[in-house]
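So the structure is just underneath, and the comments pick up after that.
Protein chains: 4
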Amino acid sequence: MNSADKKIFIAVVGESQTSSVIAKLAEEVGREIGKAGAVLVCGGLKGVMEYACKGAKSVDGTTIGVLPGSKREEANPWIDYPIVTGIGYARNKLVVKTGHVVIAVGGSYGTLSEIAFALGYKIPVVGLKTWQFIHHSGQLDKEVHYVSTPKEAVEIAIKLAHETRQLELTREYQT
Amino acid sequence: MNSADKKIFIAVVGESQTSSVIAKLAEEVGREIGKAGAVLVCGGLKGVMEYACKGAKSVDGTTIGVLPGSKREEANPWIDYPIVTGIGYARNKLVVKTGHVVIAVGGSYGTLSEIAFALGYKIPVVGLKTWQFIHHSGQLDKEVHYVSTPKEAVEIAIKLAHETRQLELTREYQT
Amino acid sequence: MNSADKKIFIAVVGESQTSSVIAKLAEEVGREIGKAGAVLVCGGLKGVMEYACKGAKSVDGTTIGVLPGSKREEANPWIDYPIVTGIGYARNKLVVKTGHVVIAVGGSYGTLSEIAFALGYKIPVVGLKTWQFIHHSGQLDKEVHYVSTPKEAVEIAIKLAHETRQLELTREYQT
Amino acid sequence: MNSADKKIFIAVVGESQTSSVIAKLAEEVGREIGKAGAVLVCGGLKGVMEYACKGAKSVDGTTIGVLPGSKREEANPWIDYPIVTGIGYARNKLVVKTGHVVIAVGGSYGTLSEIAFALGYKIPVVGLKTWQFIHHSGQLDKEVHYVSTPKEAVEIAIKLAHETRQLELTREYQT
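Residue numbers (my numbering), protein chains in the order written: chain A, 23 to 197; chain B, 23 to 197; chain C, 23 to 197; chain D, 23 to 197.
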């Protein structure tokens, strides 16, 4: 059995410049992820990323930061494993794909871009105070699981992550 | 003066599996781009990308296809310059950034992702039968220039591209 | 038939800070590529890249520059089609893969990295005053086609490119 | 202080199809890395990557695998933290940059490419039964620290990593 198989990876995406309301939500999302024993993956910088990591570390969780730049020390102080990419914002896709599920908190255009990218890859998305979007047919898109509290966000995320993981585990390890 | 300075680059993004209505719009967008003497940049594959390129080539325009995979021959038949990336859908960002402006036609989640990414980079976006989105404050986002015909899309795109180009040209060439 | 099928793409790689001897060779390589009617692909910046493009444009050739940064205006003045990637030096792989063949002129570590990457992808490499390398078995590697003049470099490159292209064309266009 | 600051990250690069001699060396390199309490970063797949991870996990070390593809389950069974990139072999640069130092074991062209890339970035490289290379001036390159045993490789790597880390820590955390 793969050493990573036991683990659930949850990607947290959100704005890097954030209000205190959103910051508080992000920190609580991180804490719930840590308490659940899941690994938190994010972009490694400030705002929602930093607050979520701070929350996770407050309960001794594990955090991975996939950095856009070439400097490890740009990681926020709560990152355990900084991945130094040097590929700029193309790294957003790596954050999303490394998660079994994505939790989006608040939102800049970058967050909207990551939500859409995740849905395109059929990675489930949980939304907390984030974007909604309307297809050109006029219909409101229904793919994101919108929630109103951090606790609810992580509960649903864990459930969805188990489904993703199950799908992955049924695919065979190729030796 | 830079050899590229005379040129306007317009990125066209849209779904790879497309209805005949959207296909017709994309082809006309491409034709208008070609007639305007601008260079069409796209993801190089099918659907909106292919129809737009077909339109551009019908009036002897120039087309660049930034391919996700490692095979040049996956480019649609109307691509003059296939760029072989092998970086998968992370190549979407290259399509967007290579344009002075983006025209989004129709739309899958990939298209939404590219629109949001462009706006995050302050690259202007013209939308034709594509996504709208609502900020978590409840307000409809107003950054995309929505239009209803291909002709109008390209007219506005050219105007916006000139503004982007002007901003770029005032930055100095560093020897 | 694909619009790109008629064209031969030659990637030119080499150091960005270069001696006058290497610069002269690069310029002549570019001129020969232009005279042969092939498209020159490079990293878009200075040194070997700039001199090669200058040579190509002196005979009205076509040049593509795959830029590492996010600013189009960082392209050297002889680039017709700047591709704006924003993915840093990971863009080197795109330069190499976009060529049917690679010509390496002079060489920094970046050049060595691109030669090795090309060989790993079975893209043929022509070397002009560039690196040689010794396998841990003690044997000198024989894959690079070392030449001593720009004219010879381009003649062999064109021949090798036709072989690559032939292999590609026999793979079918998937509609 | 950054949560990652205590940690040393060592990138291990090497061929994915490997002889039993090289495999044994790789496994021992991994074990020494684990015993030293450093984090092992690699490309996450087979051959040198898998054997090194196996060695690290045999002494309860920590392993990160930066995968080229889009499937987490392609990671070898000894990876704790699979990073899912989907950017193909452009991910090699991420492996190298995430290390404070690189250990190259054996070697395909991919390994040569990663060694050269690391040197271009001024990331120190330790070589164990790997490539040597000759500058076009005729001089053998002297940048790689060649060693003959896994124990020696990791000892020197740890020493070099401390130097890299010191340089990084003197750069300030930007709030």
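Each residue gets a CB set at the ideal place from its N, CA and C atoms; glycine is no exception.
Amino acids of chain C, ordered along the chain, whose beta-carbon sits closer than 9 Å to that of residue i
{"i": "B:Val70", "result": "Going along chain C, no residue has its Cβ under 9 Å from B:Val70, so there is no contact; the nearest lies around 16 Å."}
Cβ shell of residue i (< 6 Å), same chain only, five flanking positions each side left out
{"i": "D:Tyr195", "result": "Because the pLDDT at D:Tyr195 is just 44, under 50, the model does not fix this residue reliably, and the point stays unresolved."}
{"i": "C:Lys57", "result": "Val81"}
{"i": "C:Lys11", "result": "In the structure as shown, chain C starts at 23 and stops at 197, and residue 11 of chain C therefore has no counterpart that could be examined."}
{"i": "C:Ser135", "result": "none"}
{"i": "D:Gly13", "result": "With chain D covering only 23 through 197, there is no way to say anything about residue 13 of chain D."}
{"i": "C:Ile180", "result": "Ala58"}
{"i": "C:His167", "result": "Val148 and Ile178"}
{"i": "C:Asp102", "result": "Thr84 and Thr85"}
{"i": "D:Ile137", "result": "Ala126 and Val147"}
{"i": "B:Trp153", "result": "Gly129 and Leu134"}
{"i": "A:Leu182", "result": "Val123 and Pro146"}
{"i": "C:Gly121", "result": "Phe31, Ile32, Ala33 and Val63"}
Per-residue contacts from residue i into chain D (C-beta, under 9 Å)
{"i": "A:Glu190", "result": "Lys93, Arg94 and Glu95"}
8 Å Cβ cut-off: residues of chain C touching residue i
{"i": "A:Tyr111", "result": "Gly108"}
Interface residues of chain A facing residue i [CB-CB closer than 9 Å]
{"i": "D:Leu182", "result": "Within 9 Å Cβ-Cβ: nothing; D:Leu182 doesn't reach chain A, min ~15 Å."}
Within chain A, partners of residue i - CB distance below 7 Å
{"i": "B:Gly36", "result": "Those within 7 Å of B:Gly36 in chain A number zero; the least Cβ separation is about 11 Å."}
Listed by chain order, chain D residues near residue i by CB distance under 8 Å
{"i": "A:Lys57", "result": "Simply none; closest approach about 18 Å."}
{"i": "A:Ile105", "result": "Ile86, Val88, Ile105, Leu116 and Thr120"}
{"i": "C:His157", "result": "Gly129 and Trp153"}
Cβ shell of residue i (< 7 Å), same chain only, five flanking positions each side left out
{"i": "D:Val106", "result": "Leu89, Ser92 and Arg94"}
{"i": "A:Thr197", "result": "For A:Thr197, the pLDDT reaches just 35, beneath the cut-off of 50, and the residue's location in the model is therefore unreliable, leaving the point undetermined."}
{"i": "B:Pro104", "result": "Gly66, Gly87, Leu89, Arg94 and Ala97"}
{"i": "A:Leu47", "result": "Val127, Leu150, Lys151 and Pro172"}
{"i": "D:Met23", "result": "Annotation note: pLDDT 48 at D:Met23 (below 50); position unreliable, coordinate value reported separately. Hits under 7 Å: none found."}
{"i": "A:Leu141", "result": "Val147 and Glu165"}
{"i": "D:Phe155", "result": "Asp163"}
Residues near residue i by beta carbon distance below 8 Å, same chain, minus five either side
{"i": "A:Val51", "result": "Val34, Ala74, Gly77, Ile125, Val127, Leu150, Pro172, Ala175 and Val176"}
{"i": "B:Ala45", "result": "Gly69, Val70 and Tyr73"}
{"i": "A:Val169", "result": "Val148, Gly149, Leu150, Ala175 and Ile178"}
{"i": "B:Phe139", "result": "Asn114, Lys115 and Val118"}
{"i": "A:Gly110", "result": "Pro90 and Gly91"}
{"i": "A:Tyr143", "result": "Val118 and Lys119"}
{"i": "D:Thr186", "result": "His122, Val123, Ile145 and Pro146"}
Partners in chain B for residue i, counting only beta-carbon separations shorter than 8 Å
{"i": "C:Val61", "result": "Tyr103"}
* Got a sec: which bits of the region 130-152 of chain D sit with their beta carbon under 7 Å from any beta carbon on chain C, in order along the chain? -> So the list reads Ser130, Tyr131, Gly132, Leu134, Ser135, Ala138, Phe139, Leu141, Gly142, Lys151 and Thr152, given in the order they occur along the chain.
* **3-residue-minimum beta strand (DSSP E) runs that sit fully inside the region 25-72 of chain B, ordered along the chain** => Correct list: 31-36 and 61-64.
* Contact set between the region 85-97 of chain C and chain A, restricted to residues whose Cβ is under 8 Å from the partner -> The residues in question are Ser92.
* Does the region 71-78 of chain C come close enough to the region 41-57 of chain C that 3 or more CB-CB pairs lie under 8 Å? -> Between the region 41-57 of chain C and the region 71-78 of chain C, the count of C-beta pairs closer than 8 Å reaches three or more; the two stretches touch.
* Asked: Are the region 110-119 of chain C and the region 124-134 of chain D in contact at 8 Å, needing three or more beta carbon pairs?
  -> Flag = no, the region 110-119 of chain C and the region 124-134 of chain D do not touch.
* If you pair each beta-carbon of the region 37-50 of chain C with each one of the region 153-161 of chain C, do three or more pairs fall below 8 Å? -> Segments in contact, no.
* Note down, one range per segment and in chain order, each alpha helix (DSSP H) of at least 4 residues found wholly within the region 93-168 of chain B. => Complete alpha helix (DSSP H) runs here, min 4: 114-120 and 131-142.
* To do: Take every Cβ of the region 178-193 of chain C, pair it with every Cβ of the region 178-193 of chain D, and state whether three or more of those distances are shorter than 8 Å.
  => Short answer: they don't touch.
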